[in-house]
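See structure below.
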Amino acid sequence: MATTPFEETTSLIEQRDVLREDYQPNEILERDDEITQYAHALKPIIDGFSPNNVFLYGKTGVGKTAVTRYMIDMLYEEIDDGDAITVVSINCKLTPTSYQTAIKLANELAEEEVVCSGHPTSDVMDALHTQIEATESTVLFVLDEIDHLGDDDDLLYDLPRAKANGYIEDADVGLIGISNDYTYRQNLSPKVKDTLMEKEIKFSPYDAGELQTILHTRAEKALISKDYLDNGVIQLCSALAAQDKGSARQAIDLFREACDHAEENGQTTVSEENVRAAETRVERGRIEEAIPDLTNHGRLALMAVATAERREDTPLRTKELYDYYTRCAKANAIDPLTDRSLHDHADDLAMLGFVKRHEKNKGRKGGKFFEYELDIPIQSVYEALDEMERL
DNA sequence: GATCCACAGGAAATAGTGGCTT
DNA sequence: AAGCCACTATTTCCTGTGGATC
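By the numbering used here, the letter at position 178 of the first sequence is numbered 236, and the numbering carries on one by one without gaps.
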């Protein structure tokens, strides 16, 4: 009797969800200071007062969201009356304006659709105030990736003052803003800064040692047995992640991919080579995730840089990039945009880490300009773009 | 230390989306 | 069906910038 393909595979990971991005650990490691500060800011809720507004900032994967979820769990445990607080968490990436965020918050609070876009702003705000009032509790709004609101801070101005302005009476409002952009606070108007930033908590990147502690705990929970792990795998994952972003997510992603790689090759243990292989895979995954989010012209711009790279014509300045871009567009039967727009798309690509941008200045004999070059493996670009074609 | 290159990037205008109200 | 409303992507126009050169 023939064996099925499934029987051929060995399994190293027992609890896969422990290594997933949305996994919520039941204890938070290496963030004691932050938790203490956080608890201080939220303490008033337990005593029946309105909470401080909290603003968290730090790069991705340093525990901002995990700590926030943990704090809210703890808050519910601490409070006798479960109805005394209402927590609404949203991600501002999906609602990048005050207007849309207000709609989303109102609907989440009501747990049904009470408003939708198309109404004047004042109606939307009224609806939100009504919903807050209806809870008769302390409402905590968790606004993740708050920097996506940009300088549109009307909502952030309104909410902390809703009570003082008489829009609500029986309820309290607390804001928790989460941002991975340090510069975000500078864009805010001073009036908003004062109220939103009552308590600022900074999350610094994890160092290699801290990452090791975290990864150890996770690995123990996830794997069938630690015996399947070569010495140094956890150290290597931690070191690589610490060197790069200091992000726990990155360390865990690396680790998971390394385990998968070992499994696929029928190995009984995970080795450092698996980690090296995982490195390129994680990178490619990041690219494949981001490319579909680009606009058509963003992809064309990326294609243009890749084409130049292939012809060893990099680094190249914006003007030359525009020529490549125009040709790519025409080859795809798309009307090219103006060079000013290409600037913006190239800017995006640089921000996403797809291209590198160097500022040059040749003074009176050349002026100031940028030079671009590809910052990711050229193969990944073509593969990801091909992948898109097929869909 | 003034000049000046060649561009970056801000601001306003414009076109076009989807959704609502009357 | 016509008219708002909020919002996005783009174009057009223009001011600002940093350092090599004078």
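Every residue gets a Cβ at the ideal spot worked out from N, C-alpha and C, and that includes glycine.
Distance between beta carbons of Arg307 and Glu72, contact taken as under 8 Å: Taking the first residue of the first sequence as 1, we reach residue 72 at position 14. Taking the first residue of the first sequence as 1, we reach residue 307 at position 249. With a Cβ gap of about 21 Å, Glu72 and Arg307 do not count as contacting.
Exposed unless 16 or more other CB atoms sit within 10 angstroms - verdict on Pro350: Within the first sequence, numbered from 1, the residue matching residue 350 stands at position 292. Answer is exposed; the Cβ neighbour count stays below 16.
Val146 - partner residues in DSSP beta bridges: As a working note, residue 146 is residue 88 in the first sequence. Phe199.
Buried versus exposed, by CB contacts within 10 Å (16 or more), Leu416: Here residue 416 refers to the residue found at position 358 of the first sequence. In the sequence under discussion, the amino acid at residue 416 is His, which differs from the Leu named in the question. Its Cβ having fewer than 16 others within 10 Å, His416 is exposed.
Which listed residue (Leu410, Phe412 and Glu429) has its alpha carbon closest to that of Lys418: Residue numbering aside, residue 418 sits at position 360 when the first sequence is read from its first letter. It is Glu429 whose Cα lies nearest to the Cα of Lys418.
N-terminal and C-terminal residue of the alpha helix (DSSP H) that Glu322 is part of: In the first sequence, residue 322 corresponds to position 264, counting from 1. Glu322 -> alpha helix (DSSP H) spans Ala306 to Glu322.
Pick from Asp311, His98, Lys249 and Thr253 that is closest to Ala44, judged by C-alpha positions: Lying before the first or after the last residue shown, residue 44 is absent from the chain, which here runs from 59 to 449.
Which residues DSSP lists as bridging Tyr115, in chain order: Residue numbering aside, residue 115 sits at position 57 when the first sequence is read from its first letter. Bridge partners of Tyr115: Ser237 and Lys260.
Own chain, CB closer than 6 Å to Val182, minus 5 neighbours either side, in chain order: Along the first sequence, one-based indexing puts residue 182 at 124. Around Val182: Ala160, Ile161 and Val173.
Own chain partners of Tyr128 with C-beta closer than 7 Å, once the 5 adjacent residues on each side are dropped: Within the first sequence, the letter at position 70 stands for residue 128. Contacts found: Ile86.
C-alpha gap between Leu198 and Leu77, whole angstroms: On the first sequence, residue 198 is found 140 positions in, with the first residue counted as 1. On the first sequence, residue 77 is found 19 positions in, with the first residue counted as 1. Going by the C-alpha atoms only, they are around 29 Å apart.
Under the three-state DSSP convention, the category Arg375 falls into: Here residue 375 refers to the residue found at position 317 of the first sequence. Note: Arg375 maps to strand in three-state DSSP.
Spatial distance of Ala99 from Asn111 (CA atoms): As a working mapping, residue 99 is identified with position 41 in the first sequence. As a working mapping, residue 111 is identified with position 53 in the first sequence. Going from the Cα of Ala99 to the Cα of Asn111 covers about 8 Å.
Whole-angstrom C-beta distance between Ile234 and Leu201, which should lie under 8 Å: In the first sequence, the residue the question calls residue 201 occupies position 143. In the first sequence, the residue the question calls residue 234 occupies position 176. About 7 Å; that satisfies the 8 Å criterion.
Distance CB(Glu322)-CB(Val291) smaller than 8 Å: Here the question's residue 322 lines up with position 264 in the first sequence. Here the question's residue 291 lines up with position 233 in the first sequence. Not in contact: Glu322 and Val291 (Cβ atoms no closer than 8 Å).
The segment 339 to 348 in contact with the segment 296 to 305 per 3-pair CB rule at 8 Å: no
DSSP-derived helix/strand/coil call for Arg357: Position 299 of the first sequence, counted from the first residue, corresponds to residue 357. If DSSP states are grouped into helix, strand and coil, Arg357 belongs with the helices.
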